[in-house]
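The opening residue of the sequence shown carries number 100 in our numbering; numbering runs sequentially from there.
Where a beta carbon is used, it is the ideal one built from N, C-alpha and C, also for glycine.
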Amino acid sequence: MPMTRSRSTFEFAISPRLSEEGRGDWLVETIRSAIQSGKLRPGQSLPSTRELTKGLRLARGTIISAIERLKDEGYLKSIPGSKTFVANVLPEKFLSRSLPPVAVHSGHSKPVALSEYGKRLRPVRYYAQPRTIAFRVNLPALDLFPIDLWTKMAAKKWRGASTSLLLGGEPFGYLPLRTSLSSYLRTSRSIICDPEQVLITSGIQEALDLSTRILVSAGDSVLMEDPGYQVAFAGFEAAGARIVSLSVDNEGAVPPTKAGLRARLMYITPGHQFPTGATMSYRRRMQILRYAHTEGTCIFEDDYDSEFRFEGSPLPALHGLDSKAQVIFAGSFNKTLFPSLRLGYMVVPHGLVDAFKMCKSISCRHHPWGDQAILHAFIEEGHYVRHLRRMRKVYSERLQLLADEVRKHLEGALELLPVEAGMQTVGWLRTGQNPEDIAALALEENVDVIPLSRYCYRRQVPPGLQIGFGGVDGKSILQGVQILAKLIS
């Protein structure tokens, strides 16, 4: 059907241009509004650019650019050698046709039925108070992150970006990064693995979710530290697993004494038990492995905070001690670098690589390729190891300052648990006060401490507070302890 065009006219009221408004934006909005309001009708021709230049006293380039924008939006059409005219069918027509009529419901609608998995979901409490003075847990020293260096490396990577970097790749992640990680883990954690076993994740939560989906069916038993990571409890419950609590002492998780549980998975944090901060001894690690080998249980090793060991070398990871390929190892850059990075990794046994690859490919395909490439360069150029060394020193100093201040202002009221690694510790309350009351009052003063009982599943712990120090500078530590001293008596 041929397009109809009327004679050229541009006689309609033009609103004055605002002083801060660009000439091109003003002209686009003026013509668009005239078309939408019907002042310029479908098929109506516009004057030539020469006539518009003279009549509107605008540069010809500005007018041409505005007309091209309106063509891209679908408001104007043109035929080579002819004038520009208003499109017979406007963009609003397409939009209105694509929108179904809004249904009007009377009364209460019937709730959508949830799956069994959906019914088992429960809320997880996140502690993301944005502007607390102190003592938020799981928070690295963001004030000391080398953001200028990271920005320069990111700019360099994107300036030279190839099409492969823009396209992305396989579900397990950026191969150069996985290769770097296999070398790093060999040195730092005594883990011998191929790059093919390394999977890039968004962090511990995704690693645990993948492992649960692949290994745990509804009704299966899983072993879990108690107190422990609340997201793990929630994930296992949603999967329909039967959670068997493991007690925790000063050597970490205690393996079950009862045989025959046939647990499919055991979740532990041997490097720095969450939330108590205990480091698992070598003797206990071997006990855990012997139990897993005897029972045929797969271990999920959350390498929580092991990079920040203050004295001596880190003990070998369970994965490095395992002789029967029953350990899944998981780590995260979100706590060693910065939380919004959302990159982590896991090392899976050879026999599970295909299952994890298929599961990963249908869950989120892969994580941002560019971020993985930047992180790879950060590791390869030695910046990551240097940052870890610096943070170990900083966190050790901040822990010592925290201990000194607690001793000075809260001796006899709050007993700080000595820790060998990490970014947080536990303070045992010796006053008989309710930790929940203390936490609520402290939060009103912009101090963020967490009652230890919130991490308990079935077992009970003495009254205590989890106190973060990694992301808290010296001045804030002093201020935070003084506020706690007013509340704990």
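Distances from the CA of K434 to each of H449, F568, Y403 and V446 were compared; the closest alpha carbon is that of Y403. Boundaries cannot be given for C555, as no beta strand (DSSP E) includes it and DSSP labels it neither H nor E. CA-to-CA, the gap between R156 and R149 works out to about 10 angstroms. Annotated as proximal: E324 and I367, with beta-carbon spacing under 8 angstroms. For Y494, no beta strand (DSSP E) encloses it; the enclosing alpha helix (DSSP H) starts and ends at H482 to L509.
Rounded to whole angstroms, the Cβ separation of H475 and L276 is 4 angstroms, and the two are in contact under 8 angstroms. A check of alpha carbon separations from S181 across G267, L145 and P562 identifies L145 as the nearest. Per DSSP, the beta bridge partners of W527 are E514 and G563. DSSP places K138 in the coil class of the three-state scheme, outside both helix and strand.
Only exposed fits L213, as fewer than 16 other CB atoms lie within 10 angstroms of its CB.
In the displayed model, A472 falls within a helix according to three-state DSSP. Distances from the CA of F399 to each of S380, G430 and F407 were compared; the closest alpha carbon is that of G430. The alpha-carbon separation between G142 and Q471 amounts to approximately 51 angstroms.
Considering only E167, T152, K574 and S405, the residue with the shortest C-alpha distance to S289 is S405. With 16 or more other Cβ atoms inside 10 Å of its own Cβ, A362 counts as buried.
The continuous beta strand (DSSP E) containing M445 extends over residues G443 to V446. In this structure, the CA atom of N533 is about 49 angstroms from the CA atom of E479.
Bounds of any alpha helix (DSSP H) do not take in V223, whose DSSP letter is neither H nor E. L243 is classed as exposed because its beta carbon has fewer than 16 other beta carbons within 10 Å across all chains shown. Inclusion of Y390 and P415 in the CB contact set at 8 angstroms is not warranted, their separation being larger than that value. Listed as beta-bridge partners of R341 by DSSP are S320. Here the C-alpha atom of K209 lies approximately 31 angstroms from the C-alpha atom of F332. Contact between T396 and L364 is confirmed by a C-beta separation of about 7 angstroms, below the 8 angstroms threshold. The Cβ-Cβ distance between G563 and G526 falls below 8 angstroms.
In this structure, E519 sits near F409, with a CB-CB distance shorter than 8 angstroms.
Per DSSP, S462 is one residue of the alpha helix (DSSP H) stretching across V452 to S462. Per DSSP, the continuous alpha helix (DSSP H) segment holding T152 begins and ends at T148 to L155.
The DSSP-derived three-state label of T161 is helix.
The beta carbon of L169 is closer than 7 angstroms to those of V127, I130, R131 and L175 in its chain, skipping five residues each way along the sequence. Counting C-beta atoms within 10 angstroms of its own C-beta, R159 has fewer than 16 neighbours from the protein chains shown and is therefore classed as exposed.
The distance from the Cβ of L583 to that of L509 is about 7 angstroms, consistent with a contact at the 8 angstroms cut-off.
For I367, the enclosing beta strand (DSSP E) covers residues L364 to I367.
In the three-state scheme derived from DSSP, where H, G and I count as helix and E and B as strand, D242 is classed as helix. Scanning its chain for C-beta atoms nearer than 6 angstroms, with the 5 sequence neighbours on each side dropped, one finds around E535 the residues P550, in chain order.
Under the three-pair Cβ rule at 8 angstroms, the stretch 294–313 counts as touching the stretch 443–452.
DSSP, reduced to helix, strand and coil, places D536 within a helical segment of the structure shown.
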